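*Asks:* Residues in the sequence shown are numbered from 101 upward in steps of one, following the numbering used here.
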Amino acid sequence: MSIKVIISGGGTGGHVFPAIAIAEALRVMRPAIDILFVGAKGKLEMEKVPQAGFRIVGLAISGFQRRLTVRNLLFPFRLLGSLWKSRGILRRFKPDVVVGVGGYASGPLVEMATRMGVPALIQEQNSLPGVTNRILASKADRICVAYEGMDRFFPKGKLLLTGNPIRKGVQMDGGDPDDAKRHFGLDPTKAMVLVVGGSLGARSLNEGMRDQIDLIRSRTGVQWLWQYGKLYENEFGTCATALLPQVSAVAFVDAMNMAYAAADVVITRAGALTISELALCGKAAVLVPSPNVAEDHQTKNARALADAGAARLVKDDEAGEAISEALRVLDSIELTEKLRKGISTFAKPDAARDIATEILKLAENKRNES
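1) Buried or exposed, going by whether 16 or more other CB atoms sit within 10 Å of the CB of N334?
2) Considering only their Cβ atoms, is the gap separating A410 from V388 smaller than 8 Å?
3) Thinking C-beta only, is G109 closer than 8 Å to G202?
4) At a Cβ threshold of 8 Å, is I235 touching chain D?
5) Could you check what DSSP says for A140 in three-state terms: helix, strand or coil?
6) Determine the extent of the alpha helix (DSSP H) in which Q151 is found, giving its start and end residues.
7) Rounded to whole angstroms, what's the CA-CA distance from L462 to S376? Just pull it up for me.
8) In three-state DSSP terms, what is I106?
9) Would W326 be called buried (16 or more neighbouring beta carbons within 10 Å of its own) or exposed?
10) Using the C-alpha atoms, what's the distance from A384 back to T436?
11) Determine which residues share a DSSP beta bridge with D287 and list them.
12) Is DSSP giving D134 helix, strand or coil here?
13) Out of V366, V347, S238 and Q225, which one is the CA nearest neighbour of R319?
14) Taking the runs of the alpha helix (DSSP H) that are 4 residues or longer, which of them lie wholly in the region 180–241?
15) Name the DSSP bridge partner or partners of A422?
16) Is A246 helix, strand or coil when you go by DSSP?
17) Residue range of the alpha helix (DSSP H) that T368 falls in?
18) How long is the line joining the alpha carbons of T445 and R403, rounded to whole angstroms?
19) Could you compute how far the alpha carbon of G275 sits from the alpha carbon of Y360?
20) Decide if the region 193–202 is in contact with the region 225–239; the criterion is three or more beta carbon pairs, one per stretch, under 8 Å apart.
21) Sort out for me which residues DSSP pairs S304 with in a bridge.
22) Where does R440 fall in DSSP's three states?
23) Going by CA-CA distance only, name the one from A362, L209 and M358 that's closest to R220.
24) Answer yes if the region 351–365 comes into contact with the region 210–219, meaning at least three C-beta pairs across the two stretches below 8 Å, and no otherwise.
25) Quick check on the burial criterion: 16 or more other C-beta atoms within 10 angstroms. Buried or exposed for E458?
26) Please report the residue range of the alpha helix (DSSP H) in which V128 lies.
27) Tell me whether G285 is buried or exposed, calling it buried when 16 or more other Cβ atoms sit within 10 Å of its Cβ.
28) When you compare each of H397, D431 and A456 to N226 by their alpha carbons, which one comes out closest?
29) Cβ-heavy atom distance between R303 and the ligand PLP below 7 Å?
30) Return helix, strand or coil for I266, following the three-state DSSP convention.
31) Based on DSSP bridge pairs, tell me the residues matched to L159.
32) Do the CB positions of K73 and L144 come within less than 8 Å of each other?
33) Which first and last residues belong to the beta strand (DSSP E) in which S348 is found?
34) What did DSSP end up calling Q398 once you bin it into helix, strand or coil?
35) Taking just the CA atoms, how far does V293 sit from R187?
36) At which residues does the beta strand (DSSP E) containing A385 begin and terminate?
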């Protein structure tokens, strides 16, 4: 009989894509494995998981708002409903192990699973753990983390430093840097800075590019690949055109592995998944953490790298300075190499496989005890 695993959580790409990477690693290691995802209705996972070829069930659960809203009054009822639905899912599917990757849906599912005696593994992507994983830590059998020193938050005996699982598209070699630059219509003989704020874009990074037009134009030996994001296409598309020919501006980069291969320096946010991608590709980076995330965890992620000499950190309200900082990095071969080597020490290319191995161990131990 095949091993059965439930993977729960999501809400953002930082949760969803690592979860999919884990599932893909499990399927490679055990082709007959039966995997079911449990997510939050209306969230990113309900679209991306089926696209990756896996089944998913949605719970009517949402986060607790930090301000007084009607949604907060409904939260206890939604939580109870999600716990009850999770119980039904667990009884029908009968998993050997459950995996929580953070996000709203992982709380009820993992909580109910541990009450029913199902072993649980949780995966924490950030240097500052999310509320859900902190609550679940005492109940989990194994906790896979991406940063050193996480025994400040979790029981030390349960911890395993694995790094963050990376989606297949980024793990693939982006190829020759010169060819990658040509792919984006850039000159392979010139240095290139990649500016990317996520698929929807980041207003502060876009405004920083707009405000530094004169500086960008003055550096004729440097070119830029700027993803301004679908959300800001109308607002910044015209501005991007004004920067040409030194700037190749797009709403969305279709091949991030090639974008990383082409880049000499990257200006970006500091989400856990982004940092893991930068580490895997060994890229000198200027990080501009978003302040609009739970518990300001992006700043904690960026600070961990900056303190280790593995990245430069610029505050969101000073995002224009990231342009100047990237140019300073480009101007110093010594600094560029220091940042490349520093961030590479955070790379964990086998993270998905290592986490999958722990999941299979928990599943097999359960079966041996039955």
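Beta carbons are placed, not taken as given, at the ideal position from N, Cα and C, and that holds for glycine. Computed from a predicted structure; not experimentally measured.
*Replies:* Looking at the coordinates:
1) Counting from one through the sequence shown, the residue named residue 334 turns up at place 234. Flag for N334 reads exposed.
2) The residue you call residue 388 lines up with position 288 of the sequence shown. The residue you call residue 410 lines up with position 310 of the sequence shown. No.
3) The residue you call residue 202 lines up with position 102 of the sequence shown. The residue you call residue 109 lines up with position 9 of the sequence shown. The Cβ atoms of G202 and G109 sit closer than 8 Å to each other.
4) Of the chains in the structure shown, none is chain D; there is only one protein chain.
5) Position 40 of the sequence shown holds residue 140. Strand.
6) What you label residue 151 is simply residue 51 of the sequence shown in a count that begins at 1. Segment E145 to Q151, the alpha helix (DSSP H) holding Q151.
7) As a working note, residue 462 is residue 362 in the sequence shown. As a working note, residue 376 is residue 276 in the sequence shown. Approximately 26 Å, taken between the alpha carbons.
8) If you number the sequence shown from 1, residue 106 lands on position 6. Here I106 sits in strand by DSSP.
9) The count along the sequence shown starts at 1 and reaches residue 326 at position 226. Buried, because 16 or more other Cβ atoms sit within 10 Å of the Cβ of W326.
10) Counted from its first residue, the sequence shown places residue 436 at position 336. Counted from its first residue, the sequence shown places residue 384 at position 284. In this structure, the alpha-carbon of T436 lies about 6 Å from that of A384.
11) To locate residue 287, count along the sequence shown from 1; it is residue 187. Looking at the DSSP output, D287 shares a beta bridge with no other residue.
12) What you label residue 134 is simply residue 34 of the sequence shown in a count that begins at 1. Note: D134 maps to strand in three-state DSSP.
13) By one-based count along the sequence shown, residue 319 stands at place 219. When C-alpha distances from R319 are compared across V366, V347, S238 and Q225, the shortest belongs to V347.
14) Correct list: 206–215 and 231–236.
15) Numbered from 1 along the sequence shown, position 322 holds the residue referred to as residue 422. Beta-bridge pairing links A422 to no other residue.
16) The count along the sequence shown starts at 1 and reaches residue 246 at position 146. When DSSP states are grouped into helix, strand and coil, A246 belongs to the coil group.
17) The residue given as residue 368 occupies position 268 in the sequence shown. It is not in any alpha helix (DSSP H) - T368 instead sits in the beta strand (DSSP E) that spans V365 to T368.
18) Stepping through the sequence shown from its first residue, residue 445 is reached at position 345. Stepping through the sequence shown from its first residue, residue 403 is reached at position 303. One C-alpha to the other measures close to 15 Å.
19) Residue numbering aside, residue 275 sits at position 175 when the sequence shown is read from its first letter. Residue numbering aside, residue 360 sits at position 260 when the sequence shown is read from its first letter. Rounded to the nearest angstrom, the two C-alpha atoms are 10 Å apart.
20) Yes, they touch.
21) What you label residue 304 is simply residue 204 of the sequence shown in a count that begins at 1. Answer is none; S304 lacks a bridge partner.
22) Residue 440 sits at position 340 when you count from the first residue of the sequence shown. Three-state DSSP puts R440 in a helix.
23) Position 120 of the sequence shown, counted from the first residue, corresponds to residue 220. In the sequence on display, residue 220 carries Ala and not Arg. It is L209 whose Cα lies nearest to the Cα of A220.
24) No, because fewer than three Cβ pairs between the region 210–219 and the region 351–365 fall closer than 8 Å, the two stretches do not touch.
25) Locating residue 458 in the sequence shown gives position 358, counting from the first residue. The residue is buried, with at least 16 neighbouring Cβ atoms inside 10 Å.
26) Within the sequence shown, the letter at position 28 stands for residue 128. First-last of the alpha helix (DSSP H) with V128: G113 to M129.
27) Looking up residue 285 in the sequence shown gives position 185. G285 should be labelled exposed.
28) On the sequence shown, position 126 is the one that residue 226 refers to. Cα-wise, what sits closest to N226 is H397.
29) Looking for the ligand PLP in the displayed structure turns up nothing, as the structure carries no ligands at all.
30) By 1-based counting over the sequence shown, the position of residue 266 is 166. Three-state DSSP puts I266 in coil, outside helix and strand.
31) Translated into positions along the sequence shown, residue 159 becomes position 59. DSSP lists A140 as partners of L159.
32) One cannot answer for residue 73 here, as it falls past the ends of the chain, which runs 101 to 470.
33) One-based indexing of the sequence shown puts residue 348 at position 248. Residues V347 to V350.
34) Residue 398 sits at position 298 when you count from the first residue of the sequence shown. Here Q398 sits in helix by DSSP.
35) Residue numbering aside, residue 187 sits at position 87 when the sequence shown is read from its first letter. Residue numbering aside, residue 293 sits at position 193 when the sequence shown is read from its first letter. Spanning the two alpha carbons is a distance of roughly 49 Å.
36) Translated into positions along the sequence shown, residue 385 becomes position 285. Counted as a single uninterrupted DSSP element, the beta strand (DSSP E) harbouring A385 occupies residues A384 to L387.
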